[in-house]
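One structure below.
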Amino acid sequence: MNNRSTRIGILFVMAVVLVFVAVAGHAGRREFWLTPPKSETEDYMVPPPPFTEGIFPCSECHADMTPNPKRRELKEEHTDIQLKNHAENERWCLDCHDVKDRDKLRLVSGEQIDFNHSYRLCGQCHGDKYRDWRMGIHGKRTGEWNGRKEYLLCAHCHNPHNPRFKPISPKAPPERSENIQ
Amino acid sequence: MPDKETRDERVFRLTRRKALKGLAAGLGALALPKKDASAAVWESFFQKNFRELSRAEIQDVVSRLEKEYSTRYGKPVKVKTSPPMEGVLYGYGLDLSRCIGCRRCVYGCVGENNQSRDPQIHWITVLRLDKERGVDLEHAERYYNPANVPEEGHFYMPVQCQQCENPPCTKVCPVQATWKENDGIVVVDYNWCIGCRYCMAACPYGARHFNWKKPGLPAGEMNPDTHYLGNRPRPVGVVEKCIFCMQRTREADGKYPACVEVCPVGARKFGNLLDPQNEIRFVIENKRVFILKEDLNTQPKFYYFYSV
């Protein structure tokens, strides 16, 4: 009797271990894309952010100014910047730009981040694109296919204030075969 | 002896046998290099199939070609023979939801891979398709030329060599001048190719191109980083095709192919299918993927996908 219950106990433990191993193994196999390939804070190899010339650091002008956190349309400065096709009704400047330190961006959590980590800011809403970007699927990635990869910030291709792509002119079509001599 | 018979003996009489002999000898002589040809021409004439060359012979061939190209283009030209890398099977991804049909890839490829400018050869053909019809090759347009792309109601599908795992082109080659390498790249030995163009007829993707004339390649635009089986300057009368930029990719720190690097929207992806961490594997496992003309069982390693 005692012997039998021990046997059942051993069987039960073995079953539990088996299930655990199977689940862990499965999770391990899939882990590479469920978890980001690099840690959040680690730097991706990106070129410097594409600032308009002479505009950065922002603190050069903003340091002496008292910030006005009230949502409004800017009439004196930065009139060229228009939020367009980018949730302009829901957001304004200080949702992304930090009110205290103008040389930083601001996450929803209140965390301040540098401009060269702006992908974290974009990734707050565009999580699927952020995941694809880290894997090298969304956006252009150059460098070495089996070595160091060079990323681009979202802002290198998309104007953050008006992110939709503008049409470009195509290169010449191929010569028609009847014209090839 | 009657006059007629004497005359017949002296006169040359063309029999069928003599005619055929002469024809054969004449054609044979035509195929030979000219009398004043240099030693290099004779060497290339007697060169074996690339796969039968010993290491020392490859060295000889490479130095002969490097010398020839360097003189012709007036700059030091490198001819690599880097073999496939262990544990690598190249795969290519093309994001149809991103491609805008700007043809930057076409000309990036021409520059990198020394295609003939005149007469024009393009390894990449960008097709314009109707969104309403989907991937319907019957209604594809390759000569589109609007002021701006993308155009309303259209999407674009670049087509190049699909690097088939089961390539129909290599099977029809009567001289085995084209074959699939261990890293999956289908290559051509331009010195062995006889120009019969059977492979072009066999390819269902129109990915092979023939040098009808001596390729027009301006010395200034010639890319001196070349591979024997890849982008080295081609002679007249041989077939050429996309080789996944093997002069760039077959390296320990291999660069991405030129078309990947030049694409302004990042629609082109490239990597190692055998590496589970690789981006191309991520594409295959997580995106909607299709291969072109799947029904032909060519098993392309060129994956069209939609990222959104």
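Chains P and H, in that order, are what the protein sequence lines are.
Sequential numbering of the first sequence, starting at 1, is according to this note's numbering.
Sequential numbering of the second sequence, starting at 1, is according to this note's numbering.
Beta carbons: idealized from backbone N, C-alpha and C, even for Gly.
Query: Counted within 10 angstroms of its Cβ, other Cβ atoms place Trp-179/H as buried (16 or more) or exposed; Result: buried
Query: 3 or more residues per run - each beta strand (DSSP E) lying fully within the region 107 to 170 of chain H; Result: 125 to 130, 154 to 159
Query: 7 Å Cβ cut-off: residues of chain P touching Glu-314/H; Result: There is no way to answer for residue 314/H, as the model of chain H reaches only from 1 to 308.
Query: Terminal residues of the alpha helix (DSSP H) in which Gly-206/H lies; Result: Here Gly-206/H belongs to no alpha helix (DSSP H), and DSSP marks it neither H nor E.
Query: Glu-86/H - DSSP class collapsed to helix/strand/coil; Result: coil
Query: Any 3 or more C-beta pairs closer than 8 Å across the region 116 to 124 of chain H and the region 163 to 181 of chain P; Result: yes
Query: Collapsed DSSP secondary structure at Gly-184/H in the structure displayed; Result: coil
Query: Whole-number beta carbon distance between Cys-154/P and Ser-118/P, since they are thought to touch under 8 Å; Result: 6 Å
Query: Proximal residues of chain H, C-beta to C-beta of Thr-142/P below 7 Å; Result: Tyr-256, Glu-261
Query: Under 7 Å by beta carbon: chain P residues contacting Tyr-107/H; Result: Lys-171
Query: Member of Thr-298/H, Lys-293/H, Gly-266/H, Asp-295/H whose CA lies at the smallest distance from the CA of Gly-93/H; Result: Gly-266/H
Query: Closer than 7 Å to chain H by CB, Asn-146/P; Result: yes
Query: Minimum C-alpha distance to Ile-194/H - residue among Phe-45/H, Val-11/H, Ala-147/H; Result: Phe-45/H
Query: Opening and closing residue of the alpha helix (DSSP H) in which Val-61/H lies; Result: 55 to 73
Query: Neighbour list for Arg-176/P in chain H, Cβ cutoff strictly below 7 Å; Result: Tyr-143
Query: Euclidean distance between Cα positions of Arg-208/H and Ala-25/H; Result: 33 Å
Query: As assigned by DSSP and simplified to three states, the class of Leu-83/P; Result: coil
Query: Arg-71/P versus Arg-128/H: straight-line alpha-carbon distance, rounded; Result: 45 Å
Query: Buried/exposed call for Ser-307/H, threshold 16 Cβ in 10 Å; Result: buried
Query: Beta carbon proximity, Pro-167/P to chain H, threshold 7 Å; Result: yes
Query: Gln-120/H: contacting residues in chain P (beta-carbon distance under 7 Å); Result: Pro-174, Glu-175, Ile-180
Query: Reference Leu-74/P, options Ile-168/P, Leu-94/P, Glu-150/P, Gly-9/P, closest by Cα; Result: Leu-94/P
Query: C-beta neighbour in chain P for Leu-292/H, strict 7 Å; Result: no
Query: Given 8 Å, three or more beta-carbon pairs between the region 97 to 111 of chain H and the region 195 to 204 of chain H; Result: no
Query: In DSSP terms, what Lys-78/H is bridged to; Result: Asp-225/H
Query: Proximity test, Cβ basis, 7 Å: Cys-161/H and chain P; Result: no
Query: Residues near Lys-255/H in its chain [Cβ-Cβ closer than 6 Å; skip 5 each side]; Result: Arg-248
Query: Closer than 7 Å to chain P by CB, Val-149/H; Result: yes
Query: Every unbroken beta strand (DSSP E) within the region 224 to 262 of chain H, with a cutoff of 3 residues, ordered by chain; Result: 225 to 227
Query: Segment limits, beta strand (DSSP E) that includes Val-283/H; Result: It is not in any beta strand (DSSP E) - Val-283/H instead sits in the alpha helix (DSSP H) that spans 279 to 286.
Query: Through-space distance from Tyr-130/P to Arg-30/P, alpha-carbon basis; Result: Reliability of the predicted coordinates at Arg-30/P is poor, the pLDDT of 34 falling under 50, and no value is obtained from them.
Query: Proximity winner among Pro-83/H, Asn-231/H, Lys-34/H, relative to His-122/H (alpha-carbon distances); Result: Asn-231/H
Query: Best match in Asn-162/P, Leu-83/P, Pro-69/P for proximity to Lys-100/P [C-alpha to C-alpha]; Result: Pro-69/P
Query: Pro-204/H vs Lys-293/H beta-carbon contact at 7 Å; Result: yes
Query: Contact list for the region 58 to 89 of chain H against chain P, Cβ threshold 7 Å; Result: none
Query: Residues near Pro-76/H in its chain [Cβ-Cβ closer than 7 Å; skip 5 each side]; Result: Ser-70, Pro-224
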